[in-house]
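I have placed the structure first, in the form of structure tokens, so that the comments after it can refer back to it.
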Amino acid sequence: MWEDIKKSWNTGGMLYKLIWVNVVVFVVINSAIVFTQLTDIHLPDSTLGGYGLFTTAHLPTLLYRPWSMLTHMFAHKEIFHLLFNMMLLWWMGRMYVSEVGSRRLLSTYIMGGLAGFIVYAISVNVLPGLRMEEVSFAYGASAAIMAIFTATATLNPTKKIPFFLFGSVQLKYIALLYVLFDYFGILGESGLETGGRIAHLGGAAFGYFLILYSRKGINIVRWLEVIIDMIMSSLPTSSTPSFSKKFNFIKSMRRKPKVTRSPKSDDDFNSERKEREDRLDLILEKISRHGYDHLSKEEKKFLFNQSKK
Numbered sequence: 007m008w009e010d011i012k013k014s015w016n017t018g019g020m021l022y023k024l025i026w027v028n029v030v031v032f033v034v035i036n037s038a039i040v041f042t043q044l045t046d047i048h049l050p051d052s053t054l055g056g057y058g059l060f061t062t063a064h065l066p067t068l069l070y071r072p073w074s075m076l077t078h079m080f081a082h083k084e085i086f087h088l089l090f091n092m093m094l095l096w097w098m099g100r101m102y103v104s105e106v107g108s109r110r111l112l113s114t115y116i117m118g119g120l121a122g123f124i125v126y127a128i129s130v131n132v133l134p135g136l137r138m139e140e141v142s143f144a145y146g147a148s149a150a151i152m153a154i155f156t157a158t159a160t161l162n163p164t165k166k167i168p169f170f171l172f173g174s175v176q177l178k179y180i181a182l183l184y185v186l187f188d189y190f191g192i193l194g195e196s197g198l199e200t201g202g203r204i205a206h207l208g209g210a211a212f213g214y215f216l217i218l219y220s221r222k223g224i225n226i227v228r229w230l231e232v233i234i235d236m237i238m239s240s241l242p243t244s245s246t247p248s249f250s251k252k253f254n255f256i257k258s259m260r261r262k263p264k265v266t267r268s269p270k271s272d273d274d275f276n277s278e279r280k281e282r283e284d285r286l287d288l289i290l291e292k293i294s295r296h297g298y299d300h301l302s303k304e305e306k307k308f309l310f311n312q313s314k315k
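Here our numbering is used: the first residue of the sequence shown is 7, the next is one more, and so on.
This is the structure:
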């Protein structure tokens, strides 16, 4: 089982990594809760605050845990909350990665979660109906996943998806249904529940505007993707090459001379060379549109074999 998990982490791409991080954080939080209940030993921070991982709109408290603005979007406490979010992330994430690649998936997830938190924090501190006397904590990946959901629907609004008993429904209508569910869910709720709905809507709005600006040639998450690239390039190398090394390696292949060790006629040599170059062009185009992780095993093997020549 452990080997399967390692293989999934090393070869599964960013979508798998996001899911595994959420699962591991869930296990850690609930293990701490079980430990506290069995031993009556209270660990630093309370279960209410997710042991420092949950965030809050209470600004004096937030000043002492600023990292929680990031960590809360990977944290869950209830099993069904985790399962629903991870199924939705898997469902939408696969379509999103196929369009924009793994790096954009990560930047959309993080910025969607931050956008949801910012809208939530402003609402709680400004709107009289949401102000709470006691410190409350927020957690969950819902806002981040809603950003991916609406971004995917904005990219492929007419894509038809099997949807329960309704047959095939266009993706834009499914996304709209989820947004309306959160919007009208505000009715009859108060306090933290209402704040959560507002955070979801903030994430959804971010995903929509991300694609809207991208179509105008404006990448509003570029600064974050630069930071992600810097962090990834500084990590220790493993048996699986980093994305940046893979991409640099692929670019360098265009400059490598194509040679053959077996005697062939000029026509055969030129024909095979042209075929390889055409295939390489198609693969590079696929990488530029969808990312390296979207290549098939056979395509990755082809690139690897070409690098040896």
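Just so you know, even glycine gets a beta-carbon here, dropped at the ideal spot from N, CA and C.
Per DSSP, what kind of secondary structure is residue i in: helix, strand or coil?
i	result
Val-130	helix
Thr-200	helix
Thr-17	helix
Ala-147	coil
Thr-114	helix
Thr-61	strand
Tyr-22	helix
Lys-222	coil
Trp-8	helix
His-82	coil
Ile-154	helix
Thr-266	Per-residue confidence for Thr-266 stands at a pLDDT of 49, beneath the threshold of 50, marking its modelled position as unreliable; no derived number is given.
His-206	helix
Gly-194	coil
Ser-37	helix
Ile-47	coil
Tyr-184	helix
Leu-216	helix
Going by DSSP, which residues form a beta bridge with residue i?
i	result
Lys-166	Gln-176
Counting C-beta neighbours from all protein chains within 10 Å, is the total for residue i 16 or more, i.e. buried, or is it exposed?
i	result
Met-93	exposed
Asp-10	exposed
Met-236	exposed
Ser-244	In this predicted model, Ser-244 has a pLDDT of only 49, less than 50, meaning its place in the structure is not dependable enough to derive any value.
Val-227	buried
Val-265	Low confidence applies to Val-265: its pLDDT is 48, below 50, so where it sits in the model is not reliable, and the reading given next is rough at best. Val-265 should be labelled exposed.
Thr-246	Its pLDDT being 45, under 50, Thr-246 is placed unreliably by the model, and nothing is read from it.
Tyr-219	exposed
Gly-19	buried
Val-185	buried
Asn-311	exposed
Along the alpha helix (DSSP H) that carries residue i, what are the first and last residues, could you check?
i	result
Glu-231	228-240
Ile-85	85-106
Ser-142	Counting along the chain, Ser-142 falls outside any alpha helix (DSSP H), and DSSP gives it neither H nor E.
Met-75	74-77
Taking a contact to mean a Cβ-Cβ separation below 7 Å, would you say residue i touches residue j in this structure?
i	j	result
Phe-90	Ala-153	no
Ile-85	Gly-56	no
Ala-121	Met-79	no
Ser-113	Glu-231	yes
Val-130	Gly-201	yes
Leu-88	Phe-123	no
Ile-1	Tyr-126	Residue 1 is absent from the structure shown; the chain starts at 7 and stops at 315.
Tyr-145	Ala-81	yes
Ala-149	Gly-118	yes
Thr-317	Leu-59	The chain is shown only over 7 to 315; residue 317 falls outside these bounds and no answer can be derived.
Val-141	Thr-62	yes
Ile-151	Phe-169	no
Trp-8	Trp-15	no
Ile-167	Leu-177	yes
Ala-210	Thr-156	yes
Glu-278	Ile-289	no
Leu-95	Tyr-102	no
Asp-188	Leu-216	no
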